[in-house]
Each structure stands twice: as C-alpha cells, then as structure tokens.
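Engineer: Just so we're aligned, residue 11 is where the sequence shown starts under my numbering, counting upward by one.
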Amino acid sequence: MAKILVSACLLGEKVRYHGGEATLDHPILERWRQEGLIVPVCPEVEGGLPIPRPPAEMQGGRGNDVLHKVAFVRRRDGVDVTAAFVRGAEAAVALAREHGITVALLKDLSPSCGSTMVYDGGFSGRRISGEGVAAAALRRAGVRVFSEKQIEEADAIVESRGKR
Ligand code: SF4
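#1: Anyone know if the C-beta pair for Thr112 and Val153 falls short of 8 Å?
#2: Assuming Val83 contacts Thr92 (C-beta within less than 8 Å), just tell me the rounded distance between them.
#3: CB-CB under 7 Å to Ser125, same chain, minus the five flanking residues each way: which ones, in chain order?
#4: When the distance is taken between beta carbons, is Cys52 closer than 8 Å to Val25?
#5: What I want to know is whether the C-beta of Pro37 ends up closer than 7 Å to one or more non-hydrogen atoms of the ligand SF4.
#6: Check whether the Cβ of Pro62 lies closer than 7 Å to any heavy atom of the ligand SAM, and answer yes or no.
#7: Based on Cα-Cα distance, which residue from Ala147, Pro62, Arg136, His78 lies nearest to Arg107?
#8: Under the rule that 16 or more other beta-carbon atoms within 10 Å means buried, what is Gly88, buried or exposed?
#9: To the nearest whole angstrom, what separates the beta carbons of Ala81 and Asp90, a pair I think is in contact under 8 Å?
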C-alpha cells in the first residue's frame, strides 16, 4: 500500500512553533499507523527552524506566491524566514518523491502545512482561504494534499489506489 505524508505535529510530535503538538486522535490515522503507511514530516524543522520558534505568517500572498518569490514569510518582528520555509517545502517534496507518495495529510492553518486556510499575515488571528508553502510545493509535485479535517477523503484515495 502506498505511504502517506503526515504532518509530524498531527502525530503527537512536539515540533510546533510553541513547542507543542496538535495530536489528531482519529481511527483512520491509527489504522494508517498500524499498517505502517505513515511518513512524518515537519517542513519547518526540515528547513532548519528551531523548536520553539517565533510564529511566522505569509505576507503578500500565499504558498505559491512564496514559491514564485512574490510573497514572503516573516516573523512578527519582521525577520524574513522565507528561505527556511522554501527549504522545508523542498524537503517535503523530496521525501514524497523518495517514498512514491501521492497523498498527504497536513495540519491546516500553518504557513507551511495549511491546505485550505491560513492566517492573513497580520498576526491578528484572521483566517483566509489558501495554502502554505509546503502544501503548495507538494501540490505542484502532484501530491493530493488534505487537511486533518479531510482525513476521510484522504483515506478514500489511499484505499482506492491500494486496491488497483
Ligand atoms: Fe506541524 Fe507542519 Fe507546523 Fe511542522 S510545519 S509544526 S508539521 S504544521
């Protein structure tokens, strides 16, 4: 059965910017785990950022714009961390290619992993539709990216591909 790329924080790894996790307690995730299908990834850590780290948001656009160098990822204090986010996105794509992965389940709202919603760049908590840098890079590479709320949809694709 094909492997699935999963945000490490959804698996309970304490890799988030504040040093915590975002554990997803779901029977499908547990089944994937038992079947040995999961490949964990934290693009921000892969990109060289520490734990904990100051929160960052995309400004001037969303994931694809960052990859096209017309938008940036910045910390609240203005420090530009775009390069680390792009490195992390590239690492996620490399991991997906290495394992022949075509489905990813990523944590929504993250400037890396968000796949349906992200923060608007103003550090005000306002959410907008869009995707983060790693999610955009994975989609460009042909990976179907789902948020944790879409795990049933992701599983349906995994199952259908596994039966082919
Ligand atoms: Fe989780 Fe992705 Fe943020 Fe890493 S970059 S902490 S995997 S949401």
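Where is the CB? At the ideal position from N, CA and C, for every residue including glycine.
Since this is a predicted model, take the numbers as computed values, not measurements.
Structural biologist: On the basis of the supplied data:
#1: Here residue 112 refers to the residue found at position 102 when the sequence shown is read from its first residue. Here residue 153 refers to the residue found at position 143 when the sequence shown is read from its first residue. For Thr112 and Val153, yes; Cβs fall inside 8 Å.
#2: Along the sequence shown, one-based indexing puts residue 83 at 73. Along the sequence shown, one-based indexing puts residue 92 at 82. That pair is a contact at about 5 Å.
#3: Position 115 of the sequence shown holds residue 125. The answer, listed in chain order, is Leu116, Asp118, Glu141, Ala145, Val155, Phe156, Ser157.
#4: Taking the sequence shown and counting its residues from 1, the one referred to as residue 25 is at position 15. Taking the sequence shown and counting its residues from 1, the one referred to as residue 52 is at position 42. The answer is yes: Cβ separation under 8 Å.
#5: Start at 1 with the first residue of the sequence shown, and residue 37 comes out as number 27. Result no, Cβ not under 7 Å from the ligand SF4.
#6: With respect to the ligand SAM, the structure offers nothing, as its ligand set consists of the ligand SF4.
#7: Residue numbering aside, residue 107 sits at position 97 when the sequence shown is read from its first letter. Taking only the C-alpha atoms, the option nearest Arg107 is Ala147.
#8: Against the sequence shown, residue 88 aligns to sequence position 78. Under this definition Gly88 is an exposed residue.
#9: The count along the sequence shown starts at 1 and reaches residue 81 at position 71. The count along the sequence shown starts at 1 and reaches residue 90 at position 80. Not really, about 11 Å apart at Cβ, beyond 8 Å.
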